[in-house]
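As structure tokens, the structure follows; a few thoughts come after it.
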Amino acid sequence: MPKTSDQPKKCPICGKPELPEHAPFCGPRCKDRDLLKWLGDGYRIAGPQAGEADLSGVDRNDDDS
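Now the structure itself:
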């Protein structure tokens with residue numbers, strides 16, 4: 067059985083104790099800061115590297131000329 071800590075969990079943004087209604091954050095401010103970081107490309111999830119055609123949105127093999 068995993069051990070449970072008697073210490074309160076800390077907010078990942080500022081380090082203050084988390085509040086249950088905003089878990090895992092301490093309040094709405096840190097919750098919003100985390101959301102903005104996701105929306106602003108502050109966090110990234112690793113995945114397969116995109117090819118050049120994927121980045122441009124155009125398939126270079128289909129020329130209409």
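Start counting the sequence shown at 67; every next residue gets the next number (our numbering).
For every residue, glycine included, the Cβ atom is placed at its ideal position computed from N, Cα and C.
Problem - Leu85, enclosing alpha helix (DSSP H) - first and last residue - result: Along the sequence shown, read from residue 1 onward, the residue named residue 85 stands at position 19. Run containing Leu85: none; DSSP gives neither H nor E here.
Handout entry: Residues near Gly93 by beta carbon distance below 7 Å, same chain, minus five either side
Key = For the purposes of this step, residue 93 is taken as the residue at position 27 of the sequence shown. Here the set comprises Leu85.
Problem - Residue(s) in a DSSP beta bridge with Lys76 - result: Working through the sequence shown from its first residue, we reach residue 76 at position 10. Paired residue(s): Pro83.
Exercise for the section: Helix, strand or coil for Asp98, going by three-state DSSP, please let me know. Expected result: Against the sequence shown, residue 98 aligns to sequence position 32. Asp98 falls in the helix class under three-state DSSP.
Handout entry: Integer Cβ distance of Arg110 from Ile79, believed to fall under 8 Å
Key = The residue given as residue 110 occupies position 44 in the sequence shown. The residue given as residue 79 occupies position 13 in the sequence shown. Wrong, their Cβ atoms sit about 17 Å apart, outside the cutoff.
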